[in-house]
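In what follows, a single structure is set out as structure tokens and then discussed.
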Amino acid sequence: MAPRSGNILIVDDEATSAIVRAVRRRLEDEGWSTQVVSKEAHGSADDMLWAAMTAIDDTAPDGVILDVRLGDYRDDQFKGLDLLKRIVAERPRLPVLMFTQYSQGVERDTVARSALQVEAPVEFIDKLASPEEVALRMRRLVGAEPGSIAIGSRILMDSDARTVLVINDDGNTAPVPEVSGRRFDILRELAQAWYRSPGNVVPFDRLERYLEGDDTRASLRVRIREIKVSMGRALGNSLGANDFIVSVRDRGYRLLPPR
0 MAPRSGNILI VDDEATSAIV RAVRRRLEDE GWSTQVVSKE AHGSADDMLW
50 AAMTAIDDTA PDGVILDVRL GDYRDDQFKG LDLLKRIVAE RPRLPVLMFT
100 QYSQGVERDT VARSALQVEA PVEFIDKLAS PEEVALRMRR LVGAEPGSIA
150 IGSRILMDSD ARTVLVINDD GNTAPVPEVS GRRFDILREL AQAWYRSPGN
200 VVPFDRLERY LEGDDTRASL RVRIREIKVS MGRALGNSLG ANDFIVSVRD
250 RGYRLLPPR
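With numbering that gives the first Met the number 0 applied, the sequence shown closes on residue 258, and no number is skipped along the way.
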């Protein structure tokens, strides 16, 4: 049950650095394939721009990770922004996550102004952010979830098989047959939101669309309680009001992986 595949293009003049290698490992661990446009392979920043646009045309990546700076010369300082403008102009729906190390000063202001001018799926992130944070931000930009989602260390949701599995102490898995049908749909919605960003709240109405009747809010509370009872029994733990699926007042529910 491997994560769904996708392709991320990385454009960075320091492609062999420990930072970029760690990001690539993390993305590949999550099921992405990665392609790199680097200074080592293409030379000047201008050549990197040409190579990046060619790669985008040829491979149609799901997303791009792009460094603001694409060389050692002063003219290369914001060369990544030139590439960003081309991507936005030619591929306005292509998600771009942009590395920057400028936390203050004139350089930071330049990057900030550029960000405000972009009306596309583009976000900026500090290059020193953890590989986990980079992968998380990329997932959110692309809007992709894998076919299976590990919720903590003991729960696995297999969306393709529409099955919830509990991982036992011996490493073997056991299905939770009670969490099926609408209960599975509700839990999958919560798991996907949590996967995109831990702490995400799923609005009531988004969960209620899986239910019918005059009082879908009450029906949702019943289904949530049934899910928690079934999962608690499978895990061997009683799940309280603040465990696993948590109600957020006047907003919806969010997932909290059990410890």
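For each residue, glycine too, the CB sits at the ideal point set by N, CA and C.
* **Given A54 as reference, the closest of R90, G30 and F77 once Cα atoms are compared** => R90
* Kindly confirm or deny that the stretch 145-152 and the stretch 242-258 touch, where touching means at least three C-beta pairs closer than 8 Å. => yes
* Asked: How big is the Cα-Cα spacing for A240 and V221?
  -> 13 Å
* Length of the line joining the Cα atoms of E39 and A17 -> 15 Å
* Asked: So, helix, strand or coil for S246, using DSSP?
  -> strand
* V67 beta carbon less than 8 Å from that of L80 -> yes
* 8 Å Cβ shell around R24 - same chain, five flanking residues per side excluded -> P130
* Asked: In chain order, what residues of the same chain lie with their CB nearer than 7 Å to the CB of T99, ignoring the 5 residues before and after it?
  -> V67, V110, F123, D125 and K126
* Asked: So what does DSSP say about V200, is it helix, strand or coil?
  -> coil
* Asked: Residue range of the beta strand (DSSP E) that T33 falls in?
  -> W31 to S37 is the span of the beta strand (DSSP E), which, as asked, contains T33.
* Helix, strand or coil at D45 according to DSSP, with G and I counted as helix -> helix
* Given that a residue counts as buried once 16 or more other Cβ atoms are within 10 Å of its Cβ, and exposed if not, what is P60? -> buried
* Once you ignore the five residues that flank A173 on each side, which residues in its own chain have a CB closer than 8 Å to its CB? -> L164, V165, N167 and A233
* To do: Put S158 into one of helix, strand or coil per three-state DSSP.
  => coil
* Backbone secondary structure at Y194 - three-state DSSP -> helix
* How is the beta strand (DSSP E) around E122 delimited, first residue to last? -> V121 to D125
* Asked: Can you give the Cα-Cα distance for S283 and T58, rounded to whole angstroms?
  -> This structure leaves residue 283 out entirely; the chain is present only between 0 and 258.
* Asked: Which residues in the same chain have their Cβ closer than 8 Å to the Cβ of V247, if we skip the five residues on either side of it in sequence?
  -> V200 and R253
* The alpha helix (DSSP H) enclosing P60, as first and last residue numbers -> Here P60 belongs to no alpha helix (DSSP H), and DSSP marks it neither H nor E.
* Return the Cβ separation of F183 and R161 in integer angstroms, given the expectation that the two are a contact with Cβ distance under 8 Å. => 6 Å
* Report the rounded CA-to-CA distance for D52 versus M156, giving the unit in angstroms. => It should be noted that the sequence gives Met, not Asp, for residue 52. When rounded, the distance between both Cα atoms is 37 Å.
* Asked: Between the Cα of V87 and the Cα atoms of F77, L69, D56 and P120, which residue gives the shortest distance?
  -> P120
* To do: Note down, in chain order, each residue of its chain lying with its Cβ closer than 7 Å to the Cβ of A134, except the 5 sequence neighbours on either side.
  => R25, L26 and E29
* To do: Buried or exposed for P94, please, with buried defined as at least 16 other CB atoms from any protein chain shown within 10 angstroms of its CB.
  => buried
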